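Visitor: In this note's numbering, the protein residues as written are 2 to 140. Let me begin by handing over the structure; questions about it come next.
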Amino acid sequence: MCVCTGVSAIDVYTPEELFVENGTTATLSCSFKSREVISSSASVIWSFLPEGDTGASTSIFYYSSGKSFPGSVPQFKSRVEWAGDMNKKNASIRVLHMQVKDKGTFSCDVKNPPDISGQNSIIKVKVFPSAKHFCLRDI
Numbered sequence: 002m003c004v005c006t007g008v009s010a011i012d013v014y015t016p017e018e019l020f021v022e023n024g025t026t027a028t029l030s031c032s033f034k035s036r037e038v039i040s041s042s043a044s045v046i047w048s049f050l051p052e053g054d055t056g057a058s059t060s061i062f063y064y065s066s067g068k069s070f071p072g073s074v075p076q077f078k079s080r081v082e083w084a085g086d087m088n089k090k091n092a093s094i095r096v097l098h099m100q101v102k103d104k105g106t107f108s109c110d111v112k113n114p115p116d117i118s119g120q121n122s123i124i125k126v127k128v129f130p131s132a133k134h135f136c137l138r139d140i
């Protein structure tokens with residue numbers, strides 16, 4: 002008799018780049034494929050690494066068991082909210098009032114036990130200044 006065990010892996014997908022206007026809300030899309038039924042212990046961690054930084058990324062948002070846990074990073078305080086639906090394999094978040102200093106690499110990491118192996122997926126976010134409106138006066 003042969004007992005075979007398969008290795009479960011989860012696949013996570015994000016767009017490669019996202020361009021956002023300063024002051025607007027950005028939806029950071031993240032979807033995933035799991036070989037398992039979505040469990041109540043499925044979780045999502047979103048992390049951020051500022052552009053030009055070579056250190057470790059910082060967790061800015063955690064989602065598990067239907068509850069959101071925003072990170073304690075002052076830069077993102079009260080600006081990140083859940084926009085996903087785990088049953089639809091959607092692990093997206095929204096970042097409110099995007100700022101130029103928010104440019105960098107955001108990563109989405111999804112775990113759906115026992116399906117916990119796999120790579121996170123990253124989005125390079127560019128934030129550009131909002132267009133300014135000028136009024137011309139008659140001289």
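Here a beta-carbon is modelled for each residue, glycine too, at the ideal position from N, C-alpha and C. Keep in mind it's a predicted model, so treat the numbers as computed, not measured.
So, helix, strand or coil for Asn88, using DSSP?
Guide: Reduced to three states, the DSSP call for Asn88 is helix.
Visitor: Buried or exposed: where does Phe70 fall if 16 or more other Cβ atoms within 10 Å of its Cβ makes it buried?
Guide: Counting Cβ neighbours within 10 Å, Phe70 comes out exposed, since fewer than 16 surround it.
Visitor: Could you check what DSSP says for Val74 in three-state terms: helix, strand or coil?
Guide: Of the three classes helix, strand and coil, the one that applies to Val74 here is coil, per DSSP.
Visitor: Residues bridged to Thr28 by DSSP?
Guide: Partner(s): Arg95.
Visitor: If distances are taken between C-alpha atoms only, which option among Asp86, Ser40, Ser48 comes closest to Asp116?
Guide: Nearest C-alpha to Asp116: Ser40.
Visitor: If we count the other Cβ atoms within 10 Å of its Cβ and call it buried at 16 or more, is Val13 buried or exposed?
Guide: The residue in question, Val13, is buried, as its Cβ has 16 or more Cβ neighbours within 10 Å.
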